[in-house]
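So for the sequence shown, this note's numbering puts the first residue at 4; every next one is plus one.
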Amino acid sequence: MGVVDALEREGIPTFGPSRDAVLIESSKVFAKELMQKYSIPCARSASPASFKDACDYVKKQPAPLVVKADGLAAGKGVIVAASEEQAIEALDDIMEKRIFGDAGDQVLIEECLVGREVSLLAFTDGEAVVPMIPACDYKRALDGDQGPNTGGMGGYSPAEFFTPELEEQVLETIIKPAIRGMAQEGKPYKGVIYAGLMITAEGPKALEFNARFGDPETQVILPLLQTDLVDIMEAVIEGTLSRINIEWSDDACVGVVMASAGYPGSYQTGFPISGLGEVDQGILIFYAGTREQGGNLVTSGGRVLTAVATGKTLADARAKVYRNLPRISFEGCYYRRDIAAP
């Protein structure tokens with residue numbers, strides 16, 4: 004909504020992209036056009052203007068397909084359709100029933116990329132790009148990647164299959180071209196750029212860009228950061244990111260989201276949360292869908308909280324977090340039991 008622009012007009016240094024630059028996330032159609040214009044590897048796609056045109060396009064494409072609402076939809080505007088019928092149902096929901104409101108003014112229909120998914124976030128001052136530790140999140144609601152897409156049910160870092168060579172390839176073919184492209188489009192980008200990636204048989208391809216730290220990935224990345232985040236933010240604002248040495252821990256980190264029954268569909272809230280004082284020292288609890296009521300913490304959203312642990316290995320971090328989850332409870336609580344499973 005332009006908070007960065009408003010603060011900077013008042014002379015307040017602000018970390019984050021301008022309203023114009025945020026288009027890379029707030030419009031999937033804009034992002035796709037940017038990828039195509041600057042030869043960033045990505046899925047084949049179309050953005051039909053009407054519901055009828057969209058249905059006609061779907062009928063000519065092999066399933067599965069990915070149907071995306073153009074605008075922001077709280078992480079729920081992406082539907083993986085296994086059949087033509089599911090794709091048309093998704094189009095009807097977005098374009099006709101308007102379940103995502105104005106976010107569905109346009110749609111993007113993409114081929115479904117196959118491979119391993121990974122997120123690479125990076126700091127950028129508009130020129131220098133410094134990657135963070137790669138992370139993997141789990142979008143589906145249920146174990147074994149079953150159930151509907153969510154805003155994320157947990158994650159881990161580092162992604163051990165994401166080699167330094169792959170990271171360099173992603174920086175040179177996806178993230179740096181996006182930052183250069185935004186500058187050439189007159190929308191210089193500063194802050195955190197988040198690249199959602201699929202490592203396909205043909206190499207890394209961009210799924211999407213986010214214009215921010217995104218959870219749950221950030222919750223398993225920042226606990227490993229050893230350099231002061233404020234120093235990094237100031238370097239981004241001042242355009243001196245290339246001069247700062249950003250250091251990371253060699254540990255691993257695992258986070259598991261505890262969600263309300265029914266999420267990402269309809270769910271009830273207002274249930275007391277117990278056991279938060281019983282978790283082991285060193286376990287981080289990130290609150291999301293919570294509020295205070297009469298001096299107690301109660302649920303107020305679908306993704307209620309994320310429990311995070313670090314360890315010398317991924318298995319160590321995973322064991323720590325899952326040992327603590329049963330101590331926390333609220334009515335209807337559910338969570339995936341396979342986050343960071345080998």
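Glycine included, C-beta positions come from ideal geometry on N, C-alpha and C.
Residue closest to residue i, alpha-carbon to alpha-carbon, out of the options
i, options, result
"L200", "T176, S122 and P219", "S122"
"G25", "F212, V69, A322 and D108", "The sequence given here places Val at residue 25; Gly does not occur at that position. When only C-alpha atoms are compared, the closest one is F212."
"E36", "G184, Q229, V233 and A320", "G184"
"V117", "Y338, A66 and G217", "A66"
"L210", "P16, A34 and G19", "A34"
"A318", "G305, A344 and A49", "A344"
"S277", "E295, T230, I331 and D231", "I331"
"A57", "E87, K40 and Y41", "E87"
"C256", "T293, G217, D231 and V311", "V311"
"D95", "K71, E113, E114 and V301", "K71"
"C115", "A131, G155 and V69", "V69"
"G206", "G217, V173, K179 and I288", "V173"
"R294", "P180, G304 and I247", "G304"
"D254", "M4, Y337, L228 and A291", "L228"
"F18", "C45, G154, F126 and G217", "F126"
"A49", "Y41, I112, R12 and M98", "I112"
"A291", "G155, A131, V32 and D23", "G155"
"G242", "E188, Q284, Y192 and T316", "Y192"
"E281", "R326, Q296 and S252", "R326"
"C336", "N152, G265 and T313", "G265"
"A52", "T176, I15 and I97", "I97"
"M135", "T153, Q89, I196 and E99", "I196"
"G217", "G157, F54 and I82", "G157"
"D23", "I249, K55, A46 and E188", "E188"
"N299", "T313, L279 and T316", "L279"
"T176", "N248, Q284, K100 and C45", "C45"
"I286", "G297, G314 and I247", "G314"
"K40", "I182, Q64 and N248", "I182"
Cβ distance (whole Å) where residue i is taken to contact residue j below 8 Å
i, j, result
"S29", "D8", "About 14 Å separates the two Cβ atoms, so there is no contact after all."
"A144", "P219", "With a Cβ gap of about 13 Å, A144 and P219 do not count as contacting."
"I91", "V61", "6 Å"
"E168", "P137", "At roughly 12 Å, the Cβ-Cβ gap does not stay under 8 Å, so E168 and P137 are not in contact."
"I178", "A198", "5 Å"
"G129", "A186", "6 Å"
"L328", "V259", "6 Å"
"T309", "F333", "Their Cβ separation, rounded to whole angstroms, is 14 Å, which puts T309 and F333 out of contact at 8 Å."
"A85", "A93", "Actually they do not touch by this definition, with Cβ atoms about 11 Å apart."
"P180", "I43", "5 Å"
"I288", "Y159", "The Cβ separation is near 17 Å, so there is no contact."
"V307", "S263", "6 Å"
"S252", "A131", "Not quite, the Cβ-Cβ distance comes to about 22 Å (not below 8 Å), so this is no contact."
"Y141", "R339", "6 Å"
Where the alpha helix (DSSP H) containing residue i begins and where it ends
i, result
"T2", "Outside the displayed span of the chain (4 to 345) sits residue 2, for which this structure offers no information."
"V32", "K31 to K40"
"F54", "F54 to K62"
"K208", "From DSSP, K208 is part of no alpha helix (DSSP H) but of the beta strand (DSSP E) over G206 to N213."
"R374", "Summary: the structure shown does not reach residue 374, with the chain confined to residues 4 through 345, and so no result is reported for it."
Range covered by the beta strand (DSSP E) that runs through residue i
i, result
"L328", "Segment: none, L328 is in no beta strand (DSSP E) and carries neither H nor E."
"G314", "R306 to G314"
"L228", "Careful: L228 lies outside any beta strand (DSSP E) and carries neither H nor E."
"R294", "T293 to Q296"
"G199", "G194 to T203"
"Y290", "L287 to Y290"
"V301", "N299 to T302"
- Task: Let me know the alpha helix (DSSP H) ranges lying completely inside the stretch 109 to 180, each 4 residues or longer, listed in chain order.
- Result: If we require 4 residues or more, the alpha helix (DSSP H) runs fully inside the stretch 109 to 180 come out as 167 to 173.
- Flag this pair as touching only if the stretch 263 to 278 and the stretch 211 to 225 have three or more C-beta atom pairs under 8 Å; answer yes or no. No: the two stretches stay apart, fewer than three of their Cβ pairs being nearer than 8 Å.
- Contact between the stretch 111 to 130 and the stretch 201 to 212: three or more CB pairs below 8 Å? In the pairwise beta carbon analysis, the stretch 111 to 130 is classified as touching the stretch 201 to 212: at least three pairs are separated by under 8 Å.
- Does the pairing of the stretch 61 to 79 with the stretch 96 to 108 give three or more beta-carbon distances under 8 Å? Enough Cβ pairs lie closer than 8 Å, so yes.
- Query: Taking only runs of the beta strand (DSSP E) that begin and end inside the stretch 232 to 281, which ones reach a length of at least 3 residues, in chain order?
  - Reply: Under the rule that a run must span 3 or more residues, the beta strand (DSSP E) segments found entirely inside the stretch 232 to 281 read 255 to 262.
- Item | Continuous beta strand (DSSP E) assignments of at least 3 residues falling wholly in the stretch 64 to 111 | Entirely contained in the stretch 64 to 111, the beta strand (DSSP E) runs reaching 3 residues are, in chain order, 68 to 72 and 81 to 84.
- Item | Stretch pair the stretch 233 to 249 + the stretch 138 to 158: three plus CB contacts closer than 8 Å | Note that the stretch 233 to 249 does not touch the stretch 138 to 158; fewer than 3 beta-carbon pairs, one per stretch, sit closer than 8 Å.
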